[in-house]
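One structure is given below, encoded as structure tokens.
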Amino acid sequence: MSRVLIIESSARQQDSVSRQLTQTFINQWKAAHPADEITVRDLAVNPVPHLDANLLGGWMKPAEQRNDIENASLERSNQLTDELLAADVLVMAAPMYNFAIPSTLKAWLDHVLRAGVTFKYTPTGPQGLLADKRAFVLTARGGIHAGGASDHQEPYLRQVMGFIGIHDVTFIHAEGMNLGGDFQEKGLNQANAKLSQVA
Numbered sequence: 001m002s003r004v005l006i007i008e009s010s011a012r013q014q015d016s017v018s019r020q021l022t023q024t025f026i027n028q029w030k031a032a033h034p035a036d037e038i039t040v041r042d043l044a045v046n047p048v049p050h051l052d053a054n055l056l057g058g059w060m061k062p063a064e065q066r067n068d069i070e071n072a073s074l075e076r077s078n079q080l081t082d083e084l085l086a087a088d089v090l091v092m093a094a095p096m097y098n099f100a101i102p103s104t105l106k107a108w109l110d111h112v113l114r115a116g117v118t119f120k121y122t123p124t125g126p127q128g129l130l131a132d133k134r135a136f137v138l139t140a141r142g143g144i145h146a147g148g149a150s151d152h153q154e155p156y157l158r159q160v161m162g163f164i165g166i167h168d169v170t171f172i173h174a175e176g177m178n179l180g181g182d183f184q185e186k187g188l189n190q191a192n193a194k195l196s197q198v199a
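The sequence shown lines up with residues 1 to 199 when you count with full-length UniProt numbering.
Given below as structure tokens:
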């Protein structure tokens, strides 16, 4: 049995293409792996606070020096990190907002990229600690950006995933969603065709 962690980040609940892709992924994965455990964390419904002094204090201060807010921030970060550590497969659903990922997803990453937990510093540089995991990234984009200078999603997410040791990362882009007509249909068809091969 494998554990699958799905991170939703679309601000929209209805008519969200990235959420449609997620549901297709879940349906196909369940059909192929009925015994697997799937956990969904929705960052739009339950946003994660941005990195602040309280979280830094929770990470860096000795337990006896932390205040209640810092302890609560550390506990939240531990919960999010434990979910990631327990997962065998990570799925991030990310619409493109202003050429990049939603700030809610960035906030989640800031909680789980933790020295000594998901990566460590060594004499030869940082080393990721999650090399036994694989990841899928499902994106929805209004225009067409893959491989271009305007795509700040895929390069960034590949870098941060590699930083924590996840190098087996598959991107599935639904592009042209705001271009209408044939562009939208083609973008969805291409994304669904790739999804059908995943499970």
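Glycine included, every Cβ here is placed at the ideal spot set by N, Cα and C.
Inset, instruction - Report the partner residues of PHE136 according to the DSSP bridge assignment. - result: VAL91, THR170
Legend entry - As assigned by DSSP and simplified to three states, the class of ARG66: coil
Legend entry - Buried versus exposed call for HIS50 [16 or more other C-beta atoms within 10 Å across all chains shown]: exposed
Legend entry - Selected residue, minimal CA-CA separation from LEU195, among LEU56, SER150, HIS167, ALA32: ALA32
Legend entry - Through-space distance from GLY165 to HIS173, alpha-carbon basis: 23 Å
Legend entry - Euclidean distance between Cα positions of VAL48 and HIS152: 22 Å
Inset, instruction - Enumerate in chain order the residues of its own chain whose CB-to-CB distance from LEU113 is below 8 Å, with the five nearest sequence positions on each side excluded. - result: PHE119, VAL160, PHE163, ILE164
Inset, instruction - Would you mind giving the Cβ-Cβ distance between ARG141 and MET96, rounded to the nearest angstrom? I have them listed as a contact below 8 Å. - result: 4 Å
Legend entry - Residues bridged to PHE119 [DSSP beta-bridge criterion]: Partner residues in the beta bridge of PHE119, as assigned by DSSP, are ALA115, GLY128.
Inset, instruction - Determine the burial state of ASN54: buried for a count of at least 16 other Cβ atoms within 10 Å of its Cβ, exposed for fewer. - result: Buried.
Legend entry - Closest by C-alpha distance to LEU179, when choosing among VAL45, HIS145, ALA11: Comparing Cα positions, the closest option is HIS145.
Legend entry - Strand pairing of LEU5, partner residues [DSSP]: THR39, LEU90
Inset, instruction - Taking all protein chains shown into account, decide if GLY176 is buried (16 or more other Cβ within 10 angstroms of its Cβ) or exposed. - result: buried
Legend entry - DSSP-derived helix/strand/coil call for ALA100: strand
Inset, instruction - In angstroms with no decimal places, state the Cα-to-Cα distance between THR170 and ILE7. - result: 15 Å
Inset, instruction - Just mark PRO102 as buried or exposed, buried being the case when its beta carbon has 16 or more other beta carbons within 10 Å. - result: With 16 or more Cβ atoms within 10 Å of its Cβ, PRO102 is classed as buried.
Inset, instruction - Output yes or no for whether 8 Å exceeds the beta carbon distance between LEU5 and LEU138. - result: no
Legend entry - Straight-line gap, ALA131 to LEU84 (C-alpha atoms, nearest Å): 12 Å
Legend entry - Cβ pair THR81, VAL117 closer than 8 Å: yes
Legend entry - Contacts around TRP29, its chain only, beta-carbon distance under 6 Å, and the 5 residues preceding and following it disregarded: ALA199
Legend entry - Backbone secondary structure at ASN78 - three-state DSSP: helix
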